[in-house]
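> The structure that follows is given in the form of structure tokens.
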Amino acid sequence: MAKAVEELKKSGIKSIKDEEWSIEDRLVLKEERIYMLEGALRVEVIWQHYDMAIGEHRGRWKITELVGRNYWWSGITKEVAKYVINHLFAEPLTSYHS
């Protein structure tokens, strides 16, 4: 929990309202969505929503919507956009899957 609070402070979140945040089963939730700490797990979540779509192309807005249904972190839109752009216009990045 302390790590989550520190990360939120660094991201520029100015206030944390009690009604928006809760803890359930050792998960920090923001408005009933799992708060994701910075790191590789965020990319894994994006990858699951983007790359696991069988036979269907999903753009960044759709992926952002899908990820945002269950997860939250500051900068989610930018991070999804970066993933999608790298996936569409570059060779697969080994850093995303390692």
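Everything in the sequence shown is counted per this note's numbering, starting at 586 for the first residue and increasing by one. Glycine is no exception: its CB is placed at the ideal position from the N, C-alpha and C atoms.
Helix or strand or just coil, what does DSSP make of R618?
strand
> Name the DSSP beta bridge partners of L612, please?
Per DSSP, E609.
> By how many angstroms is the C-alpha of S607 removed from the C-alpha of M561?
Residue coverage of the chain in this structure runs from 586 to 683, which leaves residue 561 outside it and unanswerable.
> Would you mind giving the Cβ-Cβ distance between W658 and R627, rounded to the nearest angstrom? I have them listed as a contact below 8 Å.
6 Å
> Going by DSSP, name the residue or residues bridged to Y656.
I619
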